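The next block holds one structure in the form of structure tokens; read it before the comments.
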Amino acid sequence: MDIFDALRQDHRQLEKLFQQALADKQKAESFDLFRRLFAAHTDAEQRFFYLEVEAAGLKKIILVYVEEHNLADLLLDELMDMNGQEENWIAKLTLLTDLIRMHITKEEKELFPLVERTLSSDKKKEILNNYLMVQ
Ligand SMILES: [Fe+2]
565 MDIFDALRQD HRQLEKLFQQ ALADKQKAES FDLFRRLFAA HTDAEQRFFY LEVEAAGLKK
625 IILVYVEEHN LADLLLDELM DMNGQEENWI AKLTLLTDLI RMHITKEEKE LFPLVERTLS
685 SDKKKEILNN YLMVQ
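This is how it looks when you write it as structure tokens:
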């Protein structure tokens, strides 16, 4: 397994959880599980993956991904303040999941191949080890 496999594995898990949260149509345990995994994943991703990608000269590219995380956090904060019975609960949750889907697709189709070509294999191993330590 390399760092990209580890990140992709997290992404699949996140997709499963937000699909469940959407299917539940109210604020349920699935939303909480999703929120916690998303927070842990983006924290580890930013600390161990984005930082190294920035250091490799790709800061301009990473800024957009960080902003997408920030926007998702804002929507999550709003959802946290809701009780799930509001008529816009599903609308807001759908917007959040659309954003995360788009973000994940961009990471996997554009960012990962670029980073794969840019970083040395030692660096990729180091990132994977650090990333797995906090999982
Ligand atoms: Fe991300």
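So the sequence shown is numbered by the numbering used here: it starts at 565 and just counts up by one. Note that CB positions come from ideal geometry on N, CA and C, so glycine has one too. Since the model is a prediction, treat every value here as computed from it, not as a measurement.
So does Glu609 have its beta carbon nearer than 6 Å to some heavy atom of ligand 1?
yes
In chain order, which alpha helix (DSSP H) runs of at least 4 residues are fully inside the region 596-666?
623-644
If distances are taken between C-alpha atoms only, which option among Phe612, Ile691, Asp569, Val679 comes closest to Gly621?
Val679
Out of Gly648, Arg665, Asp566, Leu627, which has the shortest C-alpha to C-alpha gap to Phe602?
Arg665
How would you call Ala636, buried or exposed, if buried means at least 16 neighbouring beta carbons within 10 angstroms?
buried
Just how far apart, CA to CA, sit Leu675 and Tyr629?
9 Å
Can you check whether the CB of Phe598 is closer than 7 Å to the CB of Leu586?
no
Taking the C-alpha atoms as reference points, what is the distance between Lys687 and Gln590?
43 Å
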